[in-house]
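Input: a single structure, listed below in structure tokens.
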Amino acid sequence: MRFRRLKLSGFKSFVEPAELRIEPGLTGVVGPNGCGKSNLLEAIRWVMGEGSPKSLRGGGMEDVIFAGTATRPPRDFAEVSLLIEHEAGEGGSDLATESEVTRRIERGAGSAYRLDGRDVRQKDVSLLFADAATGAHSPALVSQGRIGAVIAAKPVERRMMLEEAAGISGLHARRKDAEAKLRATEANLQRLDELLSDQE
Ligand code: ATP
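According to this note's numbering, the sequence shown is numbered sequentially starting from -1.
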């Protein structure tokens, strides 16, 4: 899968419709501080189905909508489209094919996704990218400060990151549940013993 083109409208600082062609090879985005470089990466993660506003530096998902400036009113919606190319041989096709994923959010109405113009679910979009070993949480997308955060992390935090990457953090949650159930069962057994000895 290759990303070919990114279109944004009303997304964070990109109030006017903007279009970026992504050519084969290395793409660099340069510009002064605060011009919106990180917003571009966040737009890619958002259209791929990112569900956490915090990881997009916001308090709520509607924070991705252009919030207005001293001279411009806020927008009511944000929309991002990503044109992707499935290379020949990918997905069982001998020919290269293209598809476009769009995510739109409106104030008070939440997000909606489209794949080539058809309404789809967030899950469908996430699976499309997961099948190509990428997605909103792909370690290939390294946000600003992420490397510093890994270096500065305490050992226990770093271990949590590794466990998440290895897909075993869910096992810890299940173990905690199982331990709580075991403790409750032991308490019940003890109570039962007490009741039985009272009756003897
Ligand atoms: P740096 O080089 O300093 O990291 P950058 O080029 O990566 O900067 P971003 O962090 O992408 O810049 O963009 C920050 C800009 O986006 C700020 O000016 C901020 O006000 C603007 N911005 C973020 N969210 C919104 C929003 N919802 N509405 C309007 N502007 C926004």
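Using N, Cα and C, we set each Cβ at its ideal position, and we do this for glycine too. Keep in mind that this is a model prediction, so the values were computed, not measured.
Run of the alpha helix (DSSP H) containing residue i, from where it starts to where it stops
| i | result |
| --- | --- |
| residue 45 | 35 to 45 |
| residue 124 | 120 to 129 |
Test item: CB-CB of residue i and residue j under 7 Å
| i | j | result |
| --- | --- | --- |
| residue 134 | residue 47 | yes |
| residue 119 | residue 109 | no |
| residue 99 | residue 140 | no |
| residue 6 | residue 16 | yes |
| residue 73 | residue 63 | yes |
Contact belief for residue i with residue j at Cβ below 8 Å, rounded distance in angstroms
| i | j | result |
| --- | --- | --- |
| residue 80 | residue 4 | 6 Å |
| residue 114 | residue 97 | 5 Å |
| residue 27 | residue 38 | 6 Å |
| residue 12 | residue 34 | 6 Å |
| residue 103 | residue 76 | 5 Å |
| residue -1 | residue 94 | The pair is not a contact, with the Cβ atoms about 11 Å apart (cut-off 8 Å). |
| residue 36 | residue 188 | Wrong, their Cβ atoms sit about 57 Å apart, outside the cutoff. |
Cutoff 6 Å; reference residue i; Cβ partners in own chain excluding five residues on either side
| i | result |
| --- | --- |
| residue 59 | 51 |
Delimiting residues of the beta strand (DSSP E) encompassing residue i
| i | result |
| --- | --- |
| residue 76 | 75 to 84 |
| residue 108 | 108 to 113 |
| residue 147 | That residue, residue 147, is in no beta strand (DSSP E); its alpha helix (DSSP H) goes 144 to 150. |
| residue 100 | 95 to 104 |
Same chain, Cβ closer than 8 Å to residue i, neighbours up to 5 away in sequence not counted
| i | result |
| --- | --- |
| residue 67 | none |
Own chain, CB closer than 7 Å to residue i, minus 5 neighbours either side, in chain order
| i | result |
| --- | --- |
| residue 65 | 72 |
Practice task
Report yes or no: do three or more beta-carbon pairs, one from the segment 14 to 32 and one from the segment 47 to 60, lie closer than 8 Å?
Solution key: With a cut-off of 8 Å on Cβ pairs, the segment 14 to 32 is not in contact with the segment 47 to 60, counting fewer than three such pairs.
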